[in-house]
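There are 4 protein chains.
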Amino acid sequence: MLKGFTAPRSPWGIAALVPSPPWHFAGDVLAVEFWNDPDVSVHLLPAGVELDERCRGRSVALFTDYQFTAQNDEHLDPARYQCRGFSVLLDALWRGSRIAWCPYCYVDNDAALMRGWIQGYPRKFGTVHLSRAFVASSTASAPLVHDGRFSACMSAHGRLLVQARITLRERAERLAGFLDRRIVGRRYFPRLSAGMHDKPAVDELVRSVPHHPLVTDIWTGEADLHFPEAYGEELEMLGPLKVGRGYRFSFSYSVTDIEVLADLTA
Amino acid sequence: MLKGFTAPRSPWGIAALVPSPPWHFAGDVLAVEFWNDPDVSVHLLPAGVELDERCRGRSVALFTDYQFTAQNDEHLDPARYQCRGFSVLLDALWRGSRIAWCPYCYVDNDAALMRGWIQGYPRKFGTVHLSRAFVASSTASAPLVHDGRFSACMSAHGRLLVQARITLRERAERLAGFLDRRIVGRRYFPRLSAGMHDKPAVDELVRSVPHHPLVTDIWTGEADLHFPEAYGEELEMLGPLKVGRGYRFSFSYSVTDIEVLADLTA
Amino acid sequence: MLKGFTAPRSPWGIAALVPSPPWHFAGDVLAVEFWNDPDVSVHLLPAGVELDERCRGRSVALFTDYQFTAQNDEHLDPARYQCRGFSVLLDALWRGSRIAWCPYCYVDNDAALMRGWIQGYPRKFGTVHLSRAFVASSTASAPLVHDGRFSACMSAHGRLLVQARITLRERAERLAGFLDRRIVGRRYFPRLSAGMHDKPAVDELVRSVPHHPLVTDIWTGEADLHFPEAYGEELEMLGPLKVGRGYRFSFSYSVTDIEVLADLTA
Amino acid sequence: MLKGFTAPRSPWGIAALVPSPPWHFAGDVLAVEFWNDPDVSVHLLPAGVELDERCRGRSVALFTDYQFTAQNDEHLDPARYQCRGFSVLLDALWRGSRIAWCPYCYVDNDAALMRGWIQGYPRKFGTVHLSRAFVASSTASAPLVHDGRFSACMSAHGRLLVQARITLRERAERLAGFLDRRIVGRRYFPRLSAGMHDKPAVDELVRSVPHHPLVTDIWTGEADLHFPEAYGEELEMLGPLKVGRGYRFSFSYSVTDIEVLADLTA
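Residue numbers (this note's numbering), protein chains in the order written: chain A, 315 to 580; chain B, 315 to 580; chain C, 315 to 580; chain D, 315 to 580.
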């Protein structure tokens, strides 16, 4: 019997690119609130998803630096399961309920790439760097203090796609009104059979179901954000019209489930 | 309207990880024929695929170094579309017809990783190196001559998974009885909804349909092959009992189609 | 006038691979005390350096994960100046004074590679991973607690060279008797002129001069350590005869100086 | 006795980052002739080197894709010794003799980085990609034919630094008047001792001494060339005022020597 949550399925189930859920994540985040041009970003939405009229064009640029584990101490194999990623999230609505739509997502690890496709995040490879906050005092630490400065950037195939700077101003108890929407993505797996290239085998709108979400050590401040133009990408079309608050926090959550909102193949 | 053969689907269809077929490939190959233990490799086969009794345990270790293009001059974006890969192919049968079953496959590029999953190849990330045959005469070239020596290796996440050496002995007109089977793989895309983790959304046996396959500049010779043991992999279970001929050749082919042999979700 | 502490020297001095000192470092460490065979490691010492007879064969395997800055906010360019490294340090003596001799050193960044050569550390490229201790509670965090588990590994060119595991047992106030020696290395820069290949232009024994060294958040525990054999390396000759304590701590220090102990070209 | 042409010097001399000369190189090149602003590029020259007044501002952008070996079959260890690089060369004079001055140089391999510093090339890490010319006919090959198109690019730390396109027009027997100057670079190794940061231990102007240089399969054509602006680099100051011919050829040569033109520490 072949085993494994994903290919390659194998006799022991060890070789699978992605281990079986539940999946657990813990890490640090740099995030920047921004506004894009809603006349542009409206064209990034699939059928059934609308911009949130109360905050048209409001979006989040999210840089994550995290460790992953499933049931077999994967976090003790850091070469395989540490990960850094970048996502864009747009304030949107699904049948009247507030959601965050994820049009673009990048990650630096193959297991995370495929995990993303299974969760409905349209991941491609990107190299992501975030300033680290080290404990020992030094000019080289980026301490969590008033006026502490942090940077983040993401490149794909040698082209810089996004760059952010945050200057911390104050500690916060919670992410009031920020990142408080469940993420909606699209599970999409095409067919290759002749004549079927535009009839995907899987095309579902799905909503994330985070378990035990935890956010801590929250700081907010001022931010800069840029999406340099790059051949072969469309991220720059979301180039900020306005940049809002920047955030730095730590997080953890688990995933064992996803909610299918709609089957778009029907 | 969102466009793109795969996610991320976008307004212009430029951002998609994999461009629409037809896909064209041209490159160089190092390949080694070997025999594994059929009592082991039989456990790598999905329902409906059997070992080929006429050549039980006969397999190929295949290293490829190639350029890809679709319809938009992708080959002129080498940072994104050059690629190196490694595959294992087992001599097998599908309803009596000779096929090559692909249990493991590695590639060094995100577009190729996803293209593989769409084609039924169970790709993970691997870093692949092959000796290059350069035209200008030098101790550093690996010329295509009698006694010419070539190496190939593949590592994933910093662990060496396979290593091969070939010493060329003679030029050949064709790959007689070698790599003459169409490849069968498994398109597999899991569900994440609770209770459905073992009920994949897509689970199909598929057979490759190469268009315009071309093989040229063929050399054969002697070979060594090793699969070092590595945590988190099962490749070493195919560790050669016997190693046969080594091959070095150049190839091209195109892909626009795939043949679905069976729907295993039924 | 061309400017820059190192090549490439340029009109503005921005292009130099390594910025001018002072250099500041802040990061996290996983370290394992071990004993090698002193009859082997004695052959790793340059003239003038002896094994420390009071602790023959005692050594440290040191994994570092750190941020660097000089005078121009380099730490806000994380893609260029974050760094992970691995070093071996042998308990030794220089004219009777206790030192740590550094025979091998690896790092994952070009600026750090060259900075190392300037400091006398014989750096090569290596890909280093360490378990990260994240603040938010999760199975995926590696918390600094009793029984907390950490891993570290280093690979070069796709071959695993060292692997370590530490299980934390107790918090400590200081690194009593551990990493308390100044590091001695060898600045070595060869000549390429014909007939001079064995007459280096620079060959100096140098002792590190750390400024403002700070060590904090110290935990100690049990450890495992392995040096797998790898083609093109000699690290495995130091393969542990015995493994001692493991350590996890945070650190910072600065560098503006080095002490030249001996000019070996004389 | 410790052995090795460079650090780390070790009992067997296997661990050294760079093996002893002679060094042999074989590979492919894409090169573009261009003119920079001589009022800018004159500030890139060290004392004693002048712009060539007969061709002020004439330069070459050189992309190389090659295999290296020394005396121990290094070319059969492709993971360690294959290499891609990018250099800029300026037409210049040294005491009246025609030379090519190398102000900037990038390479994707640690051994090549250090070999470059020893040869006087101011190398930093860069990721380089060149279109490959594969033998098997395909839309994906980049054949050496009239109207054949080739691309090359180089990025460092996720930022695109140079991009080139060449369309082949005709085969040539020789590189008439192109790349016919010996390269002059600067061996530069700083001191770290306090007060000596601007008194390098090594500061020599050196001229390359290629042995058995061979150039073959030469094609010339039209070219485009861009140096995008990038933080932390000064390459864009050489941004082409005019672009000349593009070249594609194969090459090999060996190195065992270097000519020291001047000791700038004196």
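Ideal Cβ positions, reconstructed from N, Cα and C, are used throughout, including at glycine. All values derive from a computational prediction rather than experimental measurement.
When you compare the CB of Gln396 (chain C) with every CB in chain D, is at least one pair closer than 8 angstroms? No, Gln396 (chain C) does not count as interfacial toward chain D.
Would a C-beta distance cut-off of 8 angstroms place Asp405 (chain B) and Asp351 (chain B) closer than the cut-off? No. Outside cutoff.
Could you confirm whether any beta carbon from chain B is found closer than 8 angstroms to the beta carbon of Gly472 (chain D)? No, no contact with chain B.
Can you list the residues of chain B that Arg463 (chain D) reaches, using a CB-CB cut of under 7 angstroms? Within 7 angstroms Cβ-Cβ: Leu390.
Output the boundary residues of the beta strand (DSSP E) element that contains Val523 (chain D). Going by DSSP, Val523 (chain D) is part of the beta strand (DSSP E) stretching over Val516 to His540.
Between Asp494 (chain B) and chain D, is there a C-beta pair that is closer than 8 angstroms? So, not an interface residue.
If you draw a straight line from the C-alpha of Arg483 (chain C) to the C-alpha of Asp531 (chain C), how long is it? Distance between the alpha carbons of Arg483 (chain C) and Asp531 (chain C) is about 13 angstroms.
Should Tyr435 (chain B) be labelled buried (16 or more other beta-carbon atoms within 10 Å of its own) or exposed? With 16 or more Cβ atoms within 10 Å of its Cβ, Tyr435 (chain B) is classed as buried.
Host alpha helix (DSSP H) of Met585 (chain B) (start-end): Residue 585 (chain B) falls outside the range modelled here, since chain B spans only 315 to 580, and no answer is possible.
Flag this pair as yes or no: are the beta carbons of Ser377 (chain C) and Val402 (chain C) separated by less than 8 angstroms? What sits at residue 377 (chain C) in the sequence shown is Phe, not Ser. Taking C-beta atoms as the reference points, Phe377 (chain C) and Val402 (chain C) fail to come closer than 8 angstroms.
Pro527 (chain C) classed as buried or exposed, judged by whether at least 16 other C-beta atoms fall within 10 angstroms: Burial state of Pro527 (chain C) is exposed, judged by a 10 Å Cβ sphere holding fewer than 16 other Cβ atoms.
Bridge-paired residues (DSSP) for His338 (chain B): According to DSSP, which records beta bridges pairwise, His338 (chain B) is partnered with B:Thr383 and B:Ser568.
Which residues, in order along the segment 514-531 of chain B, keep a beta-carbon less than 7 angstroms from a beta-carbon of chain A? Listed by position, the residues of the segment 514-531 of chain B near chain A (Cβ gap below 7 angstroms) are Ala515 and Val516.
Inside the segment 381-460 of chain C only - beta strand (DSSP E) runs reaching at least 3 residues: DSSP runs (the beta strand (DSSP E)) wholly in the segment 381-460 of chain C: 396-408, 411-421, 437-439 and 441-444.
Using the Cα positions of Val363 (chain D) and Ser373 (chain D), report the straight-line distance between them to the nearest angstrom. The C-alpha of Ser373 (chain D) is placed about 15 angstroms away from the C-alpha of Val363 (chain D).
Quick one: what does DSSP say Met272 (chain C) is sitting in, helix, strand or coil? Absent from the model: residue 272 (chain C). The displayed extent of chain C is 315 to 580, so no value can be given.
Beta-carbon contacts of Arg485 (chain B) that lie in its chain and below 6 angstroms, excluding the five residues immediately before and after: Result list for Arg485 (chain B): Trp533, in chain order.
Taking only three categories from DSSP, how would you classify Arg370 (chain C)? Note: Arg370 (chain C) maps to coil in three-state DSSP.
Compile a chain-ordered list of the residues in the segment 537-550 of chain B whose CB is closer than 8 angstroms to at least one CB of chain A. Cβ contacts with chain A: Tyr545, Gly546, Glu547, Glu548 and Leu549.
Taking Cβ-Cβ distances shorter than 9 angstroms, what residues in chain A pair up with Tyr418 (chain B)? Residues of chain A passing the Cβ test: Pro322, Ser324 and Ala329.
If you measure beta-carbon to beta-carbon, which residues of the segment 557-578 of chain C are closer than 8 angstroms to chain D? Answer in chain order: Val569, Thr570, Asp571, Ile572, Glu573 and Val574.
Chain B beta carbons: is any one of them nearer than 8 angstroms to that of Val449 (chain D)? Yes - at least one Cβ of chain B is within 8 angstroms of the one on Val449 (chain D).
Measure the C-alpha to C-alpha separation of Met428 (chain C) and His389 (chain C) and round it to an integer number of angstroms. So the alpha carbons of these two residues sit roughly 17 angstroms apart.
Positions along the segment 427-445 of chain B whose CB lies within less than 8 angstroms of some CB in chain D: Result list: Thr441, His443, Leu444 and Ser445.
Could you tell me the boundaries of the beta strand (DSSP E) in which Val476 (chain C) lies? Start and end: Arg473 to Ala486.
Show which residues of chain B have a CB atom less than 9 angstroms away from the CB atom of Ser469 (chain C). Within chain B, the residues near Ser469 (chain C) are Ser469, His471, Gly472, Arg473 and Leu474.
Out of C:Arg495, C:Ala537, C:Phe492 and C:Trp337, state which residue places its alpha-carbon closest to the alpha-carbon of Tyr635 (chain C). Coverage of chain C is limited to positions 315 through 580, which leaves residue 635 (chain C) absent and any answer about it impossible.
Got a sec: is the Cβ-Cβ distance from Leu555 (chain A) to anything in chain B below 8 angstroms? The beta carbon of Leu555 (chain A) does not come within 8 angstroms of any beta carbon belonging to chain B, so the residue lies off that interface.
Suppose contacts are defined by Cβ-Cβ distances below 8 angstroms. Is Pro322 (chain B) in contact with Pro417 (chain A) by that definition? Closer than 8 angstroms, so yes.
Use the C-beta contact count for Arg495 (chain A): other C-beta atoms within 10 angstroms, 16 or more gives buried, fewer gives exposed. Classification of Arg495 (chain A): buried, given that the 10 Å Cβ count is 16 or more.
Could you compute how far the alpha carbon of Ala470 (chain D) sits from the alpha carbon of Ile328 (chain D)? Taking the straight line from one Cα to the other gives about 29 angstroms.
Count the other CB atoms within 10 Å of the CB of Gly491 (chain D); is the residue buried (16 or more) or exposed (fewer)? Label assigned to Gly491 (chain D): exposed.
Please classify Leu359 (chain D): does DSSP put it in a helix, a strand, or coil? Of the three classes helix, strand and coil, the one that applies to Leu359 (chain D) here is coil, per DSSP.
Are any of the Cβ atoms in chain D nearer than 8 angstroms to that of Asp405 (chain C)? Not one chain D Cβ lies under 8 angstroms of Asp405 (chain C).
Could you tell me whether the Cβ of Asp342 (chain D) comes closer than 8 angstroms to any Cβ of chain B? So yes, Asp342 (chain D) belongs to the interface.
Looking at chain C, is there any beta carbon in it that lies within less than 8 angstroms of the beta carbon of Ala590 (chain A)? Beyond the ends of chain A as shown, which are 315 and 580, falls residue 590 (chain A); an answer cannot be given.
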